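As they're listed, the protein sequences go chains L and R.
Residue numbers are given in the numbering used here: position 305 of the first sequence equals residue 305, and the series is strictly consecutive.
So the numbering used here is basically just the index in the second sequence, starting at one, shifted up by 1000.
All C-beta atoms, glycine included, are put in the ideal place defined by N, C-alpha and C.
Note that this is a predicted model, so its numbers are computed, not measured.
There are 2 protein chains.
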Amino acid sequence: MEHEQQCADRDPSAKQRLNQSQPSVCVTSGRSPCFAFKREYGIVDAHYETIDSLEALVWLSTMTGSKRITIHDIARKAGVSPSTVSRVLNSTTPVAEAKRQAVTTAIQQLDYRPNLIAQGLARGTSTIIGVLTQDIGSPFYGELLRGIEYGFRGSRYHPIFADGNWQQAEEYNALNILRSRQPEALIILGGLMPDAEMLAAAQEFPLIIIGRSVPSLEEYCVLVDNFQGAYRATQYLIEMGHQRIAHITGIRSHQDTLDRQAGYEQALRDANLPINPDLIVEGTFQEQSGLLAVETLLMRANPFTALFAANDQMAYGARLALYRRGIRVPEDVSLIGFDDLPSSAYTTPPLTTVRQPTFEMGMSAAKATLNLIDQRPWPLPQLTPDLVIRESTGFARR
Amino acid sequence: MEHEQQCADRDPSAKQRLNQSQPSVCVTSGRSPCFAFKREYGIVDAHYETIDSLEALVWLSTMTGSKRITIHDIARKAGVSPSTVSRVLNSTTPVAEAKRQAVTTAIQQLDYRPNLIAQGLARGTSTIIGVLTQDIGSPFYGELLRGIEYGFRGSRYHPIFADGNWQQAEEYNALNILRSRQPEALIILGGLMPDAEMLAAAQEFPLIIIGRSVPSLEEYCVLVDNFQGAYRATQYLIEMGHQRIAHITGIRSHQDTLDRQAGYEQALRDANLPINPDLIVEGTFQEQSGLLAVETLLMRANPFTALFAANDQMAYGARLALYRRGIRVPEDVSLIGFDDLPSSAYTTPPLTTVRQPTFEMGMSAAKATLNLIDQRPWPLPQLTPDLVIRESTGFARR
DNA sequence: GAGGTTTTTGAAATCGCTTTCAGAAAATTA
DNA sequence: TAATTTTCTGAAAGCGATTTCAAAAACCTC
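Structure below.
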C-alpha cells in the first residue's frame, strides 16, 4: 500500500483513478511496478474501462515485463513438468526430442531467462566471486580488476567488488558485505587485514590473495617479487653510474613498501654504497606525496642524481616537483618508478619503471580461483617484475 | 558423488578411508565441502575411528564452517520459531523482549548472517544494482565507479559490474549477464547500444544513464554538457590569443566526440575564426592516438599554436609527441584536455583541462537509482564542466 | 507377447528466508 | 471474572529453481 501511496503522490489524478476501482494495479507482483506503472499509465488508461481488473493486471505486466516468467510458465506452455524444463535447461538428463523442442521454443517465445537467485538457492551455489579491493579507481587496481574481469569471462562466475578504501574497519565491513552474498570464493587484493583474518577467511572460502604474501597461505598468493624489482631498479641506476640515489617509500604499514625499500638498500649494500637516511623519504603512494618528498629531499640539501619512487604515481609527483625547480630529467636526475601504469609510457619523458604484470596477475588470480572451486590444481604463474627502461633515466653526470 | 570422486582423486588414501564407511563426509551440505575437506582432513582423521558418522559430520562442518547456519538453527537455539527469528531480524513485527534477547544472543553466538540469496528469493528483491561499464580500468571510468561505489555505501544495495569493452556485442552480453542476476535497477555508462535498446531496458528496470543523453529518457541521464565544455576550452584558447587551434577528436561513433567537436567549432565560428579541417584529426580517446595525431598534424605542415584534445589521455599522448619534437608546452603550443583525470594535475606541465565531476556523477547516479527504486523523486544535479586552468596553456606567441 | 531393461518423466521435497493467517497469550475493559 | 481487544507467535505456504525417487514408457530379448 505504501507503494501505491507514493506512486500516486507523483500524479494526483492517477491516484483518483486508482482509488476508484483498481487499487491493486500498482501493487502487482514483481519488481518496482510503480516505476513501470508511472511510465505506462497513459497507455493502460486508454483501455481502462473496457477490461476487467485481472486482465488489466496481466496485460499491464506483459507490457511492462514486470511479471517475471518462471520455469512453470515454460512448463505449462510446453506441456511438460517443470522438472523436464530444468532438465533441458541444464542437460542433466536426456529428454525426448519432441519435448525438448517444445521446451526450447517456449523458452524462446517467452524470452525466458532462469532466475539466478532461485538457482543459487536450489543449487547452493551463488556463482559469485567476492573481490575485496582497496581502491577501485586507482590506475593500478583498475588494471587488476580488468584482469580479474577478463579471467572470469565465459565462466559462469561473476565477480562482485567491495572496497576497503585502505582502512581496516571498512575492509572488515566490505568482507562482511561480500560474505552475505554467499560468494563461492574470495579474491583479496592486498589490504591491511591481519594475517590471522586471512587464514580465517581461507577456512571459510577458497581464497586467492593478490599482492601480498600470507604465511602458510603462500600457495594461494599471486604476487610479484617486490624486493627483486626494487633491487633491479636500484642496480640499474648504479650501473648507470649513480651513487647518490634517493628513495621515496610507500606507506610504512604496507609490506610492499618494506620489501621495495629492502631491495633498494640491498642493491646499495651490494655495490658498497652507503645507505643514507637523508635520501629516504616516506610517501603515501600518491602523486602529491611524491611531489612533497622531492621538496623535502631538496630541502635537506643532500644532493642526489637519481631517484627511485616506490610507485609510478609518486614518480609522477616527483617529476613535477623537479620540473618546477628546473631540474631536468634525466639530464640532472634520473627517475625510476614501480608498477608501470598504462600512462607511464606517455609521461614526459616516458618513465623508466619496474613493470608489474598487473593485468596478468588479475587474470591468473581469476583462473586460479576457478580451479580452486572445481578442486583442480591451481597453478599460479611465476611472475617476475621487469625493468622497463624508457627515457627518464640516464647516465649520472660525472 | 562427483565431488567425492574428485576430492578423493587428490588423495588416494583418503579415498580408501572414505569408501570404508563414511562415504558421505565429503558430500555434506554447504559449499565446496571438498575444499575444506582437503585442508582439514588431517585433523578429522586423527579422531576418525572414535566418533560416529554423524558426529564426525557435524564436527567437521563446525571446524570448517562449511555447514552454513540458518535461521532454523537460531530458532532452535533460541527456542522460538523461525518466523520469530525473521521478525527480530527485520523488526517487522514486535517480539516479546525475552525472546528477542534469546534470538539476538543466539545470533551472536553462532555468528549468524542471513543468506542474502534466500532473502532475495523470498522477498523478490535482489538488492543488486547492475552497472554496465565500458572499460573498468580506465582512469575515467575508475573515478566513476568510485563514485557509484560510494553512493551505494550504507544502502542495502550493492552494485555489480559487467563490462562491454566498447563493443556492442559484448555490451549486449554484459547486459544479459546483469539481467540474469535480477538487478533491481540498472546504471548504464555510455556505451554503443542503440537508443531503442536503452528504452527497452528502461521498460524493464529503473534505469539511470551516465554520460549519454537518450531521447525521451533525458530525466534519467546524468551528464555534463560536452558542447559547452569544449566551447569554453576553445574560447579560452582564443582569449589567450590563439588563432590556429588544432583539435584531436575522439571516436566518431561516440556522441561525446561529436558534441565536443561541435563546441570547438562553434567557439571558432563565434570568434570569426575559420574551421580548418587540416587542423582536425580523429583519435581513439587513448594516449597513443594523441601522439599519432600530433605527428599527423605536424606532417600536414599547417602550423598551430594551440591544441585541444577531446580527452586527457589523448592530451598526454600529444604532449609526448610535442616533447619528442622539441616543441615546448606552453611556450610554443598550448595544450588543453578534457576530463581532468586525477593525474592531470601532475603532468609536466600540469594540464589545463575541462573538468568533469566524474566522482560526483557516479555518486549522484547511485543516489538517483536509490530514489528511483523507492519511488521517490530522483533529482539529478545540474553538472557543469569547469575549465581548470593549469600550466599547459599560455598566451599565443605573437 | 511375457518378462526384463533402460529411458524418460512428473510429483514432491528442498534450498533459507519471508509473510500471511489464525490461534494463543496478554492486556484491557466492563 | 467474563468479555473484548490487542499483541505475539508458530504453522504453513510461498519465492523459483534443482534433484531425488519412483512410476510410466519405450525398448529388448527370447
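Exposure label - Ala202(L); buried when at least 16 CB within 10 Å: buried
Of the listed residues Ala1106(R), Leu1217(R), Met1198(R), Asn1176(R), nearest to Leu1380(R) (C-alpha basis): Leu1217(R)
Cut-off 7 Å between Cβ atoms - residues of its own chain near Ala428(L), not counting five sequence neighbours on either side: No statement about residue 428(L) is possible, as the shown extent of chain L runs from 1 to 398 and does not include it.
Check whether Phe205(L) and Pro183(L) have beta carbons under 8 Å apart: yes
Glu171(L) to Met1314(R) span [Cα, whole Å]: 35 Å
Heavy atom of the ligand ZN within 7 Å of Arg390(L) beta-carbon: Because no ligand of any kind appears in the structure shown, any question about the ligand ZN cannot be addressed here.
With 16 other Cβ atoms within 10 Å as the buried cut-off, status of Thr1384(R): Classified as exposed, Thr1384(R) has fewer than 16 neighbouring CB atoms from the shown chains inside 10 Å of its CB.
As assigned by DSSP and simplified to three states, the class of Phe1338(R): strand
For His158(L) and Leu370(L), the rounded distance between their alpha carbons: 11 Å
Any chain R beta carbon closer than 8 Å to Ser138(L): yes
Members of the stretch 174-185 of chain L near chain R, C-beta cut-off 7 Å: Ile177, Arg179, Ser180, Arg181, Gln182, Glu184
Nearest-angstrom beta carbon gap, Arg1113(R) and Ser180(L) [assumed within contact, 8 Å]: 5 Å
Whole runs of the alpha helix (DSSP H) within the stretch 1355-1396 of chain R, excluding any shorter than 4 residues: As summarised for the stretch 1355-1396 of chain R, the continuous alpha helix (DSSP H) elements at least 4 residues long and confined to that stretch are 1358-1373, given in chain order.
Selection of the stretch 1313-1326 of chain R by Cβ proximity to chain L, strictly under 8 Å: Gln1313, Tyr1316, Gly1317, Arg1319, Leu1320, Tyr1323
Arg1113(R): contacting residues in chain L (beta-carbon distance under 7 Å): Arg179, Ser180
Burial state of Asp1256(R) (16 or more Cβ within 10 Å): buried
Collapsed DSSP secondary structure at Glu282(L) in the structure displayed: strand
Residues bridged to Gly1130(R) [DSSP beta-bridge criterion]: Ile1160(R), Leu1186(R)
Within-8 Å CB hit, Leu1145(R) to chain L: yes
Exposure of Glu239(L), with buried meaning 16 or more beta-carbon neighbours within 10 Å: exposed
Closer than 8 Å to chain R by CB, His72(L): no
Integer-rounded CB distance, given that Arg252(L) should sit under 8 Å from Gly1137(R): That pair is no contact at about 28 Å.
Beta carbon proximity, Ala196(L) to chain R, threshold 8 Å: no
Inter-residue Cα distance where the pair is Glu1331(R) and Val388(L): 31 Å
Interface partners of Thr1092(R) on chain L, CB under 8 Å: The contacting residues do not exist; Thr1092(R) stays about 13 Å from chain L at best.
CA nearest to the CA of Arg156(L), picked from Ala366(L), Phe338(L), Ile187(L), Val294(L): Ala366(L)
Cβ-based contacts, 9 Å cut-off: residues of the stretch 341-355 of chain L near chain R: Leu341, Pro342, Ser343, Ala345, Tyr346, Thr347, Thr348, Pro349, Pro350
Proximity below 8 Å, CB of Ala318(L) to CB of Ala345(L): no
Best match in Val1222(R), Ser1334(R), Met1299(R), Gly1154(R) for proximity to His1242(R) [C-alpha to C-alpha]: Ser1334(R)
Inter-stretch contact at 8 Å, needing at least 3 Cβ pairs: the stretch 1268-1284 of chain R / the stretch 304-312 of chain L: The stretch 1268-1284 of chain R vs the stretch 304-312 of chain L: no contact.
Residue environment, Asn226(L), which counts as buried when at least 16 other CB atoms sit within 10 Å: Answer is buried; the Cβ neighbour count reaches 16.
Per-residue burial, Ser1091(R) [other beta carbons within 10 Å of its own, 16 or more giving buried]: exposed
Cutoff 8 Å: Met363(L) Cβ touching any chain R Cβ: no
DSSP bridge partner residues for His1247(R) (one or two, in chain order): Looking at the DSSP assignment, His1247(R) forms a beta bridge with Ile1280(R), Phe1308(R).
Per-residue burial, Asp1339(R) [other beta carbons within 10 Å of its own, 16 or more giving buried]: Counting the other Cβ atoms within 10 Å of the Cβ of Asp1339(R) gives 16 or more, which makes it buried.
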